[in-house]
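As they're listed, the protein sequences go chains X and G.
According to the working numbering, the stretch in the first sequence is residues 1 to 440, in order.
According to the working numbering, the stretch in the second sequence is residues 441 to 880, in order.
2 protein chains.
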Amino acid sequence: MPQKIVKLTVKDVRFPTSLEQHGSDAMHTDPDYSVAYVVIETDGGMKGYGLTFTVGRGTEIVVCALKALSGLVVGKTLEEIVGDFRGFYRLLTSDGQLRWIGPEKGVIQLATAALLNAVWDLWARAEGKPLWKLLVDMSPEQVVSCIDFRYITDALTEQEALDLLRKAQPGKAEREQQMLKEGYPAYTTSCAWLGYSDQQLTQLCTEALASGWSRFKVKVGADLEDDERRCRLIRQMIGLDKTLMIDANQRWDVGEAIRWVTSLAPFRPLWIEEPTSPDDILGHATISKALAPLGIGVASGEQCHNRVMFKQFLQASALQFVQIDSCRLGSVNENLAVLLMAHKFQVPVCPHAGGVGLCELVQHLILFDYISVSADLNNRMCEYVDHLHEHFTSPVVIRNAHYLPPKDPGYSCEMLESSVETHQFPGGEVWANRLAKALE
Amino acid sequence: MPQKIVKLTVKDVRFPTSLEQHGSDAMHTDPDYSVAYVVIETDGGMKGYGLTFTVGRGTEIVVCALKALSGLVVGKTLEEIVGDFRGFYRLLTSDGQLRWIGPEKGVIQLATAALLNAVWDLWARAEGKPLWKLLVDMSPEQVVSCIDFRYITDALTEQEALDLLRKAQPGKAEREQQMLKEGYPAYTTSCAWLGYSDQQLTQLCTEALASGWSRFKVKVGADLEDDERRCRLIRQMIGLDKTLMIDANQRWDVGEAIRWVTSLAPFRPLWIEEPTSPDDILGHATISKALAPLGIGVASGEQCHNRVMFKQFLQASALQFVQIDSCRLGSVNENLAVLLMAHKFQVPVCPHAGGVGLCELVQHLILFDYISVSADLNNRMCEYVDHLHEHFTSPVVIRNAHYLPPKDPGYSCEMLESSVETHQFPGGEVWANRLAKALE
Chain X
1 MPQKIVKLTV KDVRFPTSLE QHGSDAMHTD PDYSVAYVVI ETDGGMKGYG
51 LTFTVGRGTE IVVCALKALS GLVVGKTLEE IVGDFRGFYR LLTSDGQLRW
101 IGPEKGVIQL ATAALLNAVW DLWARAEGKP LWKLLVDMSP EQVVSCIDFR
151 YITDALTEQE ALDLLRKAQP GKAEREQQML KEGYPAYTTS CAWLGYSDQQ
201 LTQLCTEALA SGWSRFKVKV GADLEDDERR CRLIRQMIGL DKTLMIDANQ
251 RWDVGEAIRW VTSLAPFRPL WIEEPTSPDD ILGHATISKA LAPLGIGVAS
301 GEQCHNRVMF KQFLQASALQ FVQIDSCRLG SVNENLAVLL MAHKFQVPVC
351 PHAGGVGLCE LVQHLILFDY ISVSADLNNR MCEYVDHLHE HFTSPVVIRN
401 AHYLPPKDPG YSCEMLESSV ETHQFPGGEV WANRLAKALE
Chain G
441 MPQKIVKLTV KDVRFPTSLE QHGSDAMHTD PDYSVAYVVI ETDGGMKGYG
491 LTFTVGRGTE IVVCALKALS GLVVGKTLEE IVGDFRGFYR LLTSDGQLRW
541 IGPEKGVIQL ATAALLNAVW DLWARAEGKP LWKLLVDMSP EQVVSCIDFR
591 YITDALTEQE ALDLLRKAQP GKAEREQQML KEGYPAYTTS CAWLGYSDQQ
641 LTQLCTEALA SGWSRFKVKV GADLEDDERR CRLIRQMIGL DKTLMIDANQ
691 RWDVGEAIRW VTSLAPFRPL WIEEPTSPDD ILGHATISKA LAPLGIGVAS
741 GEQCHNRVMF KQFLQASALQ FVQIDSCRLG SVNENLAVLL MAHKFQVPVC
791 PHAGGVGLCE LVQHLILFDY ISVSADLNNR MCEYVDHLHE HFTSPVVIRN
841 AHYLPPKDPG YSCEMLESSV ETHQFPGGEV WANRLAKALE
């Protein structure tokens with residue numbers, strides 16, 4: 001029975017994380033982790049849940065963009081959409097009027113991501129599978145039929161994508177079993193947000209070590225002396241056998257990035273993340289080249305706005321670690337293109353997560369990547385941040401610093417109704433109370 | 441007396457241009473030319489007018505973004521803002537929460553452009569000068585104090601920018617006089633929108649030739665045979681001594697662009713504009729290299745979203761013509777950075793215009809470029825489209841295919857109140873009537 005989408009609702013949901021400096025970095029000093037939260041409903045009574053992540057103010061703009069896109073999905077059946085998913089992706093991203101305010105970037109692409117995440121959730125629920133399993137069970141032909149190859153054929157053609165997927169078919173069942181048993185390796189960013197004190201850092205790092213974590217990321221970029229002290233502290237605690245990454249959240253210019261990271265080289269970071277503008281492909285290439293002799297790679301992607309940008313980062317050897325994001329790119333469709341390009345260029349994918357719901361979503365993509373594309377765990381790991389999972393109906397399960405594959409049908413981004421209600425901005429209880437206090 | 445900004449209003453104003461295919465191209469087949477229109481007011485009773493251009497649906501999203509930004513300007517005095525204009529630019533573009541939905545791209549950057557355009561308009565009015573004259577009269581130090589050099593210092597430092605401006609001081613007065621007398625050279629896009637019939641094209645081209653136009657742009661990219669026929673038609677009409685440009689509005693992939701333009705080479709276009717994704721720096725470089733032997737340059741910029749992208753286009757020799765836009769980049773501030781980088785890399789600037797108000801705005805920037813930066817008219821011209829000027833209080837003045845410098849104080853983007861009122865979306869008369877008809 002076809003499921004016709006008859007309704008789309010969207011909500012502005014915000015968590016007051018800035019109060020305790022959770023998520024603080026060199027450029028986002030006071031984030032209130034938020035989502036534009038989408039629910040689509042079918043005439044058959046099914047629901048699909050989707051979201052995109054934001055950090056407070058501006059969420060209402062993404063909500064506005066979702067309302068503008070809703071006319072392109074309401075009235076269509078799930079079968080129509082997934083029967084020509086490439087066409088539907090093109091419809092959303094190439095609307096002759098809406099594309100002007102992108103194209104495929106910024107607010108309108110974030111809204112596209114949220115909407116398509118809801119469609120993928122609906123599809124996975126309709127099939128009774130977690131999203132990763134839906135993807136893993138697709139034929140190579142089905143997978144590529146979801147991808148819009150516009151603007152990337154000079155790096156990856158449809159035929160090449162098919163060949164890559166076919167080549168990865170042997171061993172899929174074994175890798176799926178391996179993931180179900182062991183899970184996908186993770187690293188933690190929870191210990192060292194920029195706004196945390198040394199004491200807090202020490203305590204969180206001690207706890208993380210005790211829980212089996214072996215890969216740690218530290219925020220840097222505001223003050224070099226602080227960075228040296230914090231990196232020294234954490235390297236001393238974790239020892240040389242464990243992995244340290246550093247993240248500047250776009251704080252530097254190109255020359256400055258090279259000088260600053262060179263100063264931090266004695267602490268042996270695996271990568272420097274977002275050393276400069278997320279738009280600066282050539283700048284990242286220059287930084288990569290300068291840092292290679294120090295054994296430090298460059299990682300970026302959480303604000304890389306589409307497949308055309310990722311294509312160039314790969315073509316220019318500007319990244320040694322590709323950090324896909326489940327909510328900034330155009331959902332699963334565009335991430336599939338990036339996973340396949342990264343595989344072709346032989347650059348490991350280490351997804352961005354954290355925020356609200358990003359861990360829940362992106363675990364599905366990286367499981368698919370391992371089982372059906374890369375078949376490789378070398379130098380690969382998925383970010384993990386221990387925040388806000390309690391607001392989801394199917395929160396991530398971490399065991400021994402690994403993501404265990406989700407089992408519930410869907411894309412794991414349904415939130416608890418009570419959480420949505422109390423955190424809605426500005427009318428929900430949490431915000432109404434803060435406003436009342438501010439007015440006292 | 442300091443002027444404190446006490447109010448910001450923003451309106452969604454749309455013109456139903458899609459009815460007659462004005463502005464149609466290979467990717468925007470039914471544009472309704474629109475603006476998010478901003479008015480700021482001071483406690484001293486002054487007003488500043490600003491806008492950003494859109495093509496219909498989605499304007500309401502930019503309006504929403506402007507409301508989000510308004511808190512960053514209301515309450516400040518004009519003196520505070522222009523006394524640290526670099527700081528104010530940084531404040532708008534680097535807000536710790538709002539930057540997540542950009543940064544410096546898409547909806548939020550369009551809104552930033554509209555808001556800053558209004559501030560520049562207010563400043564020019566306060567000084568009693570047209571904007572171009574305000575800029576021309578600034579010292580090199582004042583000019584660079586408006587520019588945020590973040591992320592571009594590997595291509596242009598503040599000191600280099602100062603040196604370039606100082607080197608251009610001699611002859612400024614003469615060039616200003618020359619502009620006042622002759623105006624700045626223009627080309628026309630009005631003859632050959634993609635949706636126009638051959639008959640319409642022939643008639644408009646005949647009229648344009650009679651009015652003294654010698655440079656013509658043709659939209660291409662939907663169908664090769666159509667393109668060949670249309671290019672042949674217009675080249676036959678204008679002869680070989682006049683200039684023809686072609687514009688694909690991002691229709692092709694890289695390889696396709698090279699093949700298609702090679703087929704059109706016999707019609708001797710000066711440039712191919714927007715051959716592929718506006719984000720594809722390396723793709724444009726590949727196309728530039730392939731077309732150079734045919735004597736065809738590559739032009740782009742109307743959807744180039746910030747100075748970091750322009751920097752790379754220049755670094756990679758990916759463009760032979762830089763097309764700045766007054767409403768997509770972060771207003772005058774960011775355009776100043778691009779003009780100076782283009783000058784350093786010795787690439788001519790040929791601004792994008794048309795739309796609603798783009799001609800009115802960008803003429804100021806290109807006048808400044810000639811008088812105070814490039815001192816060169818070789819291979820340079822500003823786009824002109826003969827649409828919608830009647831809605832402005834100080835519309836452009838074209839004489840013999842040249843822009844004559846505006847004389848009224850401000851940035852020329854104040855619209856007639858009656859035009860704003862009747863075209864407001866969705867409540868204005870024009871749209872209410874269309875809705876009523878649709879419901880009949």
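Glycine included, C-beta positions come from ideal geometry on N, C-alpha and C.
If you run the structure through DSSP and keep just helix, strand and coil, what is residue i?
i, result
"SER703/G", "helix"
"THR492/G", "strand"
"SER474/G", "strand"
"SER630/G", "strand"
"CYS423/G", "Coverage of chain G is limited to positions 441 through 880, which leaves residue 423/G absent and any answer about it impossible."
"LEU825/G", "It should be pointed out that residue 825/G corresponds to Val in this sequence rather than to Leu. Coil at VAL825/G, not helix or strand."
"PHE572/G", "One point to set straight first is that residue 572/G is Trp, not Phe, in the sequence displayed. Of the three classes helix, strand and coil, the one that applies to TRP572/G here is helix, per DSSP."
"LYS487/G", "strand"
"ILE287/X", "helix"
"GLU41/X", "strand"
"THR449/G", "strand"
"ALA299/X", "strand"
"PHE321/X", "strand"
"TYR591/G", "coil"
"VAL356/X", "coil"
"VAL349/X", "strand"
"GLU273/X", "strand"
"ARG708/G", "coil"
"ARG454/G", "strand"
What's the call for residue i, buried or exposed, on a 16-neighbour Cβ count within 10 Å?
i, result
"GLU647/G", "exposed"
"LEU435/X", "exposed"
"SER211/X", "exposed"
"ASP465/G", "buried"
"LEU550/G", "buried"
"LYS447/G", "exposed"
"ARG497/G", "buried"
"SER637/G", "exposed"
"LYS105/X", "buried"
"ARG259/X", "exposed"
"LEU596/G", "buried"
"GLN443/G", "buried"
"LYS407/X", "exposed"
For a contact meaning CB atoms closer than 7 Å, what does residue i contact in chain X?
i, result
"ASN746/G", "ASP279"
For a contact defined as C-beta to C-beta under 9 Å, what are the partners of residue i on chain G?
i, result
"LYS289/X", "Under the 9 Å cutoff, chain G gives no residues; its nearest Cβ is about 13 Å from LYS289/X."
"ARG434/X", "Simply none; closest approach about 15 Å."
Taking residue i as the query, report the chain G residues whose CB atoms sit under 7 Å from its CB, ordered along the chain.
i, result
"CYS64/X", "GLU500, ILE501, CYS504"
"MET309/X", "ASP719"
"LEU54/X", "According to the sequence shown, residue 54/X is Thr rather than Leu. The contacting residues are TRP540, ILE541."
"ALA375/X", "Result: empty, since nearest Cβ-Cβ is about 29 Å, beyond 7 Å."
Mind listing the chain X neighbours of residue i? Cutoff is C-beta to C-beta under 8 Å, in chain order.
i, result
"ARG497/G", "ALA68, ASP95, GLN97, LEU98"
"GLN755/G", "LEU282"
What residues of chain G sit near residue i, judged by a beta carbon separation below 8 Å?
i, result
"TYR196/X", "None at all; the shortest Cβ gap to chain G is about 17 Å."
"LYS105/X", "LYS545, GLY546, ASP719, HIS745"
Near-chain X residues of the segment 507–521 of chain G (beta-carbon distance less than 7 Å), N- to C-terminal order: Per Cβ criterion, the list reads ALA508.
Residue ranges of each beta strand (DSSP E) within the segment 489–560 of chain G, 3 or longer: Listed in chain order, the beta strand (DSSP E) elements of length 3 or more contained wholly in the segment 489–560 of chain G amount to none.
Contact residues within the segment 459–481 of chain G, judged by C-beta distance below 8 Å to chain X: Cβ proximity to chain X below 8 Å picks out MET467, HIS468, THR469, ASP470, PRO471, ASP472 from the segment 459–481 of chain G.
Contact residues within the segment 593–612 of chain G, judged by C-beta distance below 7 Å to chain X: THR593, ASP594
Cβ-based contacts, 7 Å cut-off: residues of the segment 248–261 of chain X near chain G: ASP253, VAL254, GLY255
Selection of the segment 107–136 of chain X by Cβ proximity to chain G, strictly under 8 Å: VAL107, ILE108, GLN109, LEU110
Those runs of the alpha helix (DSSP H) which lie wholly inside the segment 626–703 of chain G and span at least 4 residues: 638–650, 664–678
Ordered list of alpha helix (DSSP H) runs contained in the segment 389–427 of chain X, each at least 4 residues: 417–423
Members of the segment 702–718 of chain G that neighbour chain X once the beta carbon cut-off is set at 9 Å: THR716, SER717, PRO718
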